[in-house]
Amino acid sequence: MPALFAQPDSLTDKDHKRVASFVEQVAGIQLPVYKRQLIETRLRKRLKACGIKRITDYLDFVLSEQGKAEQTALIDVITTNKTDFFREPAHFDYLTGFISQQLTRGHYRRAPLKLWSAACSSGEEPYTLAMLLTELQQDWPDFDFSIRATDICSTVLGKAQNAVYWHDRIAPIAEALRKKYLLKSKDPTKKLFRIVKPLRQKVDFSLFNLINGTYPGEQQFDMIFCRNVMIYFNEQDRAKVVRNLVSCLVPGGLLFLGHSETVGNQRIGLRAVSPTVYQRVA
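Residue numbering for the sequence shown follows full-length UniProt numbering, starting at 1 and increasing by one per position.
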């Protein structure tokens, strides 16, 4: 068997600590020992791509000055996580109810509603938001919105911008919404669907590191979704990210976290308005 495809060695304790330390330093994501098999499986993809046989040799390379270009690929392969359309639907029910109430009161009419989908992965979350907000425009034609969508992984951002999904990925989308906002591939054997262009144009995708990135100016967003990513951060980084996100919210703006996440004692300027939904009050 050619060396390029030779089975690499196992991930040792020492190498696990090396890769875990690097990923936490760069991305803030913790890689505990119980995830060793997952880490090893993902590392093997990069070993094969680089033509390197041993994990130790790969880590020596990627952590060296010569391997800086490979560091992005390593972060990409390690940090890629699963997501879905309409994941944790209670959040979207609360969102549409809240916005409808505000529109009835005359709010959100003079300027576009500004949302940020942080850790957007392959785009399911921001496109879900875009569908729901476009639906609201039918009742309030003068209502408009914009969505900023960011992730640390360039690979999934490329998929998000392309906006093409296999048929099994769109299962959570109601049939009525599929007919409006998805285009089916002309090749019936491919079973691929693409988000329609007007919806794609509502979302601005870009790379962003929640731990080390330079955050937008204060009070830039009406709503921020940062779900199912802070569970991978240590307590100090979680507190730091929450403070930064809150600073980006307008007073009265909403912060949505994943259902397994909490702001803990970092509720400075926040009040809980629904399970894992917080409102800036100061």
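Built from N, CA and C at the ideal position, the CB exists for glycine as well.
Remember, predicted model here, so these are calculated numbers, not experimental data.
1) For TYR94, I'd like the list of residues in its chain whose CB is within less than 7 angstroms of its CB, leaving aside the five on either flank, ordered along the chain.
2) Hey, how far is the Cα of ASP187 from the Cα of TYR165?
3) Helix, strand or coil: which one does DSSP assign to PHE61?
4) May I ask you to verify whether the stretch 224–235 touches the stretch 105–125, counting CB pairs closer than 8 angstroms and requiring at least 3?
5) Does the beta-carbon distance from ILE211 to ALA27 come in below 8 angstroms?
6) Kindly indicate which three-state DSSP category PHE208 falls into: helix, strand or coil?
7) Comparing alpha-carbon positions, which option in LYS191, ALA272, GLY217, ASP139 lies nearest VAL250?
8) Between LEU136, SER10, ILE147, which has its C-alpha nearest PHE205's C-alpha?
9) Per the DSSP calculation, LEU103 is bridged to which residue(s)?
10) Near GLU124, which residues of its chain fall below 6 angstroms by C-beta distance, leaving aside the five closest residues on each side in sequence?
11) Which residues mark the beginning and the end of the beta strand (DSSP E) in which THR214 is found?
12) What residues are listed by DSSP as bridge partners for TYR278?
13) Give the secondary structure of GLN25 by DSSP, where H, G and I count as helix, E and B as strand, and everything else as coil.
14) Look at ILE152 and ILE52 and say whether their C-beta atoms are less than 8 angstroms apart.
15) Can you give the Cα-Cα distance for GLU40 and LEU11, rounded to whole angstroms?
16) Which residue comes first and which comes last in the alpha helix (DSSP H) that contains LEU177?
17) Which parts of the stretch 90–167 are runs of the beta strand (DSSP E), unbroken and 3 residues or longer, counting only runs that do not cross its ends?
18) Alpha carbon to alpha carbon, how far is LEU192 from HIS167? Give it in angstroms, no decimals.
19) Give the range of the alpha helix (DSSP H) segment to which ARG87 is assigned.
20) For a quick check, are the C-beta atoms of GLY252 and GLN279 less than 8 angstroms apart?
21) Taking PHE98 as the reference, which of GLN66, GLU70, LEU136, LYS68 has the closest Cα?
22) Who are the Cβ neighbours of ALA130 in its own chain at under 7 angstroms, not counting the five residues just before and after it?
23) If you reduce the DSSP assignment to three classes, tell me which class ASP9 lands in.
24) Measuring CB to CB, does LEU245 end up less than 8 angstroms from LEU255?
25) Take GLN71 and list the residues in its own chain whose beta-carbon comes closer than 7 angstroms to its own, dropping the five residues that flank it on each side.
26) How would you write the range of the alpha helix (DSSP H) that ARG238 sits in, first residue to last?
27) Please determine, among LEU43, ARG243, CYS248, GLU261, the residue with the shortest C-alpha to C-alpha distance to ILE268.
So, to answer that:
1) Position 94 of the sequence shown, counting from 1, holds the residue named residue 94. Counting only Cβ-Cβ distances below 7 angstroms, and skipping sequence neighbours, we find SER274, VAL277.
2) Taking the first residue of the sequence shown as 1, we reach residue 187 at position 187. Taking the first residue of the sequence shown as 1, we reach residue 165 at position 165. If you take the alpha carbons of ASP187 and TYR165, they lie about 14 angstroms apart.
3) In the sequence shown, residue 61 corresponds to position 61, counting from 1. Helix.
4) yes
5) By one-based count along the sequence shown, residue 211 stands at place 211. By one-based count along the sequence shown, residue 27 stands at place 27. Contact flag set, yes.
6) One-based indexing of the sequence shown puts residue 208 at position 208. Coil.
7) As a working note, residue 250 is residue 250 in the sequence shown. Taking only the C-alpha atoms, the option nearest VAL250 is GLY217.
8) As a working mapping, residue 205 is identified with position 205 in the sequence shown. The shortest C-alpha separation from PHE205 is found at ILE147.
9) The sequence position of residue 103 within the sequence shown is 103, counting from 1. DSSP output for LEU103 lists no bridge partner at all.
10) Position 124 of the sequence shown, counting from 1, holds the residue named residue 124. Same-chain partners within the cutoff: THR83, ASP84, PHE85.
11) Within the sequence shown, the letter at position 214 stands for residue 214. Run containing THR214: none; DSSP gives neither H nor E here.
12) On the sequence shown, residue 278 is found 278 positions in, with the first residue counted as 1. TYR278 is bridged to LEU255, ALA272.
13) Start at 1 with the first residue of the sequence shown, and residue 25 comes out as number 25. Three-state result, GLN25: helix.
14) By 1-based counting over the sequence shown, the position of residue 152 is 152. By 1-based counting over the sequence shown, the position of residue 52 is 52. The answer is no: Cβ separation not under 8 angstroms.
15) Along the sequence shown, one-based indexing puts residue 40 at 40. Along the sequence shown, one-based indexing puts residue 11 at 11. Approximately 6 angstroms between the Cα atoms of the pair.
16) Within the sequence shown, the letter at position 177 stands for residue 177. Taken as a continuous stretch (DSSP letters only), the alpha helix (DSSP H) holding LEU177 covers 175–181.
17) 113–118, 145–151, 164–166
18) Against the sequence shown, residue 167 aligns to sequence position 167. Against the sequence shown, residue 192 aligns to sequence position 192. Spanning the two alpha carbons is a distance of roughly 6 angstroms.
19) Sequence index remark: in the sequence shown, residue 87 carries index 87 (1-based). Here ARG87 belongs to no alpha helix (DSSP H), and DSSP marks it neither H nor E.
20) Within the sequence shown, residue 252 is the residue found at index 252, counting from 1. Within the sequence shown, residue 279 is the residue found at index 279, counting from 1. Yes; because the gap between Cβ atoms is below 8 angstroms, this pair is in contact.
21) Reading the sequence shown from its first residue, position 98 is the one you call residue 98. Cα-wise, what sits closest to PHE98 is LEU136.
22) In the sequence shown, counting from the first residue as 1, residue 130 sits at position 130. The answer, listed in chain order, is ILE147, LEU199, LYS202, VAL203.
23) Within the sequence shown, the letter at position 9 stands for residue 9. In this structure, ASP9 counts as coil in the three-state DSSP scheme.
24) Taking the sequence shown and counting its residues from 1, the one referred to as residue 245 is at position 245. Taking the sequence shown and counting its residues from 1, the one referred to as residue 255 is at position 255. Result yes, Cβ atoms of LEU245 and LEU255 sit closer than 8 angstroms.
25) Here residue 71 corresponds to residue number 71 of the sequence shown, with the count starting at 1. So the qualifying residues of the chain are VAL62.
26) As a position in the sequence shown, residue 238 is number 238, starting the count at 1. Element bounds for ARG238: 235–248.
27) Against the sequence shown, residue 268 aligns to sequence position 268. With distances taken between Cα atoms, ILE268 lies closest to ARG243.
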